[in-house]
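Be aware that the sequence shown starts at 834, since it is given in my numbering, and climbs by one per residue. Just so you know, even glycine gets a beta-carbon here, dropped at the ideal spot from N, CA and C. Report on the structure given below.
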Amino acid sequence: MTNITKAVSADAYEGPISKPQDWGMIIERDVAIPLRDGGVLYADIFRPDTDAEKFPALMNISVYQKDKLWIPPDDLEEEANPHMNWETVNPLWWVPRGYICIRVDSRGTGKSPGRCEPSSYQEAVDFYDCIEWSAKQKWCSGNVGTMGISYHASSQWRVANLQPPSLKAIIPWEGRADQYRDQAYHGGIFSSGFVVNWIATHTAHHLLGRARKNNPDAFTQDMLWQYLSHDLDSEWWRVCSARWDQINVPLYSVGNWGGWALHLRGNTEGYVNAASKNKKLRIHTGTHFHPFHSEEGRLDQLRFLDCWLKGIDNGIMKEPPIKLEIRTGGSTKPYPFRYENEWPLARTQWTKMYLQIEREPSEAESHVEGSLVKTAPAKMGKLTYSTSGATKAGVASSSSLANTHGSSTRTGVSFTTPAMTEDFEITGPLMCNLWVSSSSEDMDIMITLRNIGPDGKDVNEVGQHGQPIPLTKGWLRASHRKLDAKKSLPYRPYHAHNERLWLEPDVPVECQIEIWPTCIVLQKGHSLRVDIQPRDGVGSAPYTHFHCDYNAGAVNTIYSGGDMESYVLLPVIPQKS
């Protein structure tokens, strides 16, 4: 293990690396790329102005419009310029270092004709064709890499499934991989806050914004209906998700500890499960875009791409494969990194913290109903709470009021550890085992982990949108509790999501809830708080969920103790002696 305490810029790096040259930059806009079915996509190409050599290409495809200017915030480490584009590389930095940057408008978006199917199998096939077309151009060395954030990352998983011969490396930077589990249905609960807004925003942009003059009717019309009608996992989701056994290209999977509601799971699952023999994992903190454009982040990107696209022996693959930013709580700036050799960490002490029920529920935000203890309670206790989520408009589950008005009172129950007597590190995947029942036929279980300071207040981290967020979250709709035994691990349950096991009124069942990975060193005097709720808890927005009508008027019960062991499994990392 090695601590990295100071970021090094690419220009200051002393090892072998592509250095900027004084070539000019050729910009070709709206270049037609032919597709196998006779269609065409349009691309913008930025390349070095020299015939002295051929260069590898960096390509991305998305529905975000290749030539729509992104004006970054003032504190970005790359300066704003007329060639910046949302969640993609900056040509003014990459082209002088001997890379060609290619941005492609996905079918039916921007300037590319056709019917748009965002994040689809068809888009992956189109991406394959664009990669192979680029590799054959006179200015290309024949090696193509892919890199980009979010949509530009998830599309990399899908094209890697198809194994285009010229694709030599991918860097899916904060990219969901399983469209069902990572994005649309968290634990089987519809993630409406992000999905509905995303669909509405990009449909409106193409039908009402400037893009209308190119594609007045092209953006898909039934995307939301398709998501809702495919509410169980099926081949419909599998064809537009990563297939780990088919991904064998060298990959650098990059996640964000704050991305626990959309992308982080894809990056850790990708590192562990992809068939690639050459792979690395990095997890950082901060917004969705600052780390990507940072000096330190670009050095990682450049060294990896130099290795696989240019054959430069810079030693990056000889370093430990995992690079983690270790959070110590409450900083708005990056934390030091630490190298590791495996995920989860081999020295993890898997620790069960049992729910010890001590008092009745309260609507007070600061109230906790019990403790998290290391010894299972000998006697069973139970807590019952309302799921209605009353608002100023009354109880209106499954209506727009339930989402726009929110809950007027605290819901669910909470448990907390005693104050830490020394620093206590939790790094890795987590799970929660709960015995529950409901008066209804189904119930939502939403879990939030929080770092509570000595003053009783939350110690928050920076979310992907710059907002304050808790440590991490997990979700499960109880009827989706069936596990896939072949894919489940003791610390990472994997739910089949292929049938519903309805609840019988007030009959307890055991549920294992996947909690997305986290990293925190709880400082001396701090406590870990776990909220278990029927509705979205603190720090959920914008990744909120649809609260279905089975919640209206129902009461849920949590059991703990005796034969009903309810606990949170923590990945505790021992402190150095």
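Below 6 Å CB to CB, which residues in the same chain sit around residue i once its five sequence neighbours on both sides are set aside?
{"i": "ARG930", "result": "SER851 and PRO853"}
{"i": "VAL928", "result": "MET858, PHE879 and PRO881"}
{"i": "SER1127", "result": "GLU910"}
{"i": "SER1074", "result": "ASP1011 and GLN1012"}
{"i": "LYS1143", "result": "none"}
{"i": "ILE933", "result": "ARG880, PHE888 and ALA890"}
{"i": "THR1237", "result": "With a pLDDT of only 47 at THR1237, under the threshold of 50, the placement of this residue in the model should not be trusted; the figure read from the coordinates follows. Excluding residues within five positions, none has a Cβ falling inside 6 Å."}
{"i": "ASP1064", "result": "none"}
{"i": "PHE1351", "result": "Before going on, a small fix: residue 1351 reads as Thr here, not Phe. Cβ neighbours of THR1351 beyond the five flanking positions: LEU1304 and THR1305."}
{"i": "GLY1103", "result": "ALA1010 and SER1086"}
{"i": "THR1220", "result": "PRO1367, ASN1384, ALA1387 and ASN1389"}
{"i": "VAL1401", "result": "MET1186, CYS1265 and VAL1363"}
Name, in chain order, the residues that DSSP records as bridge partners for residue i.
{"i": "PHE1248", "result": "GLY1203 and VAL1363"}
{"i": "VAL992", "result": "None, per the DSSP bridge assignment."}
{"i": "HIS1328", "result": "LEU1316"}
{"i": "GLU1294", "result": "ILE1302"}
{"i": "LEU1267", "result": "CYS1344"}
{"i": "SER895", "result": "ASP938"}
{"i": "THR1172", "result": "Sequence inspection shows Tyr at residue 1172; the Thr mentioned does not correspond to that position. Answer is LYS1156."}
{"i": "ALA876", "result": "VAL864 and VAL937"}
{"i": "ILE1145", "result": "Answer is none; ILE1145 lacks a bridge partner."}
{"i": "ILE904", "result": "Paired residues: none, contrary to the question."}
{"i": "LYS887", "result": "Answer is none; LYS887 lacks a bridge partner."}
{"i": "CYS1006", "result": "Sequence check: residue 1006 is Trp here, not Cys. Looking at the DSSP assignment, TRP1006 forms a beta bridge with ILE982 and VAL1087."}
{"i": "LYS1215", "result": "TYR1392"}
{"i": "TRP1308", "result": "MET1279"}
Can you tell me whether residue i is helix, strand or coil according to DSSP?
{"i": "TRP1031", "result": "helix"}
{"i": "GLN1012", "result": "helix"}
{"i": "HIS1019", "result": "strand"}
{"i": "TYR1383", "result": "helix"}
{"i": "ARG1180", "result": "coil"}
{"i": "LYS1151", "result": "helix"}
{"i": "MET1276", "result": "coil"}
{"i": "PRO1404", "result": "strand"}
{"i": "PHE1052", "result": "coil"}
{"i": "GLN1079", "result": "helix"}
{"i": "GLY1130", "result": "helix"}
{"i": "GLU965", "result": "helix"}
{"i": "HIS1121", "result": "coil"}
{"i": "THR838", "result": "Caution applies to THR838, whose pLDDT of 48 falls short of 50 and renders its modelled position unreliable; the model cannot decide the point."}
{"i": "LEU1334", "result": "coil"}
{"i": "ARG1104", "result": "Inspection of the sequence shows that residue 1104 is occupied by Tyr rather than by Arg. TYR1104 falls in the helix class under three-state DSSP."}
{"i": "GLY1099", "result": "helix"}
{"i": "CYS1140", "result": "helix"}
{"i": "PRO849", "result": "coil"}
{"i": "ASP882", "result": "strand"}
{"i": "VAL958", "result": "helix"}
{"i": "PRO924", "result": "helix"}
{"i": "GLY1239", "result": "Because GLY1239 carries a pLDDT of 48, less than 50, the predicted location of this residue cannot be relied on, and no value is offered for it."}
{"i": "TYR1060", "result": "helix"}
{"i": "LYS1409", "result": "coil"}
{"i": "PRO1262", "result": "strand"}
Below 8 Å on the Cβ atoms is my contact criterion, and I expect residue i with residue j to pass it. Report the Cβ-Cβ distance as a whole number of Å.
{"i": "MET892", "j": "TRP903", "result": "18 Å between Cβ atoms; not a contact."}
{"i": "GLY1203", "j": "PHE1248", "result": "5 Å"}
{"i": "ILE885", "j": "SER967", "result": "Correcting the residue identity first, residue 885 is Ala in this sequence and not Ile. About 19 Å; that fails the 8 Å criterion."}
{"i": "GLU956", "j": "ARG940", "result": "7 Å"}
{"i": "ALA1033", "j": "CYS949", "result": "About 15 Å; that fails the 8 Å criterion."}
{"i": "PRO924", "j": "ILE964", "result": "18 Å between Cβ atoms; not a contact."}
{"i": "GLY1417", "j": "ARG1009", "result": "Residue 1417 lies beyond the stretch modelled for the chain, which goes from 834 to 1410, so this question has no answer here."}
{"i": "GLU1000", "j": "VAL1082", "result": "First, the residue type needs correcting, since residue 1000 is Leu and not Glu in the sequence shown. So it is a contact: roughly 6 Å between Cβ atoms."}
{"i": "GLN1016", "j": "PRO1005", "result": "Going by Cβ atoms, the distance from GLN1016 to PRO1005 rounds to 14 Å, so no, they are not a contact pair."}
{"i": "GLY1162", "j": "ILE1353", "result": "6 Å"}
{"i": "GLU1398", "j": "ALA1094", "result": "GLU1398 to ALA1094, Cβ: 28 Å. No contact."}
{"i": "GLY1148", "j": "GLY1370", "result": "That pair is no contact at about 44 Å."}
Less than 7 Å between C-beta atoms, sequence neighbours within five positions excluded: which residues of the same chain meet that for residue i?
{"i": "GLY1286", "result": "VAL1292 and HIS1359"}
{"i": "ILE1302", "result": "GLY1091, ASN1293, GLU1294, GLY1296 and GLY1372"}
{"i": "GLY1245", "result": "TYR1218, ASP1364, ILE1365, GLN1366 and PRO1367"}
{"i": "ASP938", "result": "LEU874, TYR875, GLN898, LYS899, LYS944 and SER945"}
{"i": "THR1254", "result": "LYS1357"}
{"i": "PRO1177", "result": "GLY1261, PRO1262, TYR1324 and PRO1404"}
{"i": "GLN1134", "result": "MET980 and ILE1004"}
What does a CB cutoff of less than 8 Å around residue i pick up in its chain, not counting 5 residues either side in sequence?
{"i": "PRO1251", "result": "SER1204 and SER1360"}
Any 3 or more C-beta pairs closer than 8 Å across the region 1031 to 1045 and the region 1064 to 1078:
Of all C-beta pairs linking the region 1031 to 1045 to the region 1064 to 1078, fewer than three are shorter than 8 Å, placing the two stretches out of contact.
Just checking, does the region 1329 to 1343 make contact with the region 1145 to 1160 on the three C-beta pairs under 8 Å criterion?
No, they do not touch.
At a cut of 8 Å, does the region 1293 to 1304 reach the region 1380 to 1396 through at least three beta carbon pairs?
Result no; under three Cβ-Cβ pairs closer than 8 Å.
Report yes or no: do the region 1051 to 1060 and the region 1262 to 1271 share at least 3 C-beta pairs separated by less than 8 Å?
Segments in contact, no.
Specify whether the region 1322 to 1330 and the region 1274 to 1290 touch according to this definition: at least 3 beta carbon pairs, one from each stretch, less than 8 Å apart.
Three or more Cβ pairs closer than 8 Å define a contact, and the region 1322 to 1330 falls short of that threshold against the region 1274 to 1290.
Between the region 1340 to 1350 and the region 1273 to 1281, can you find at least three pairs of beta-carbon atoms closer than 8 Å?
Yes, they touch.
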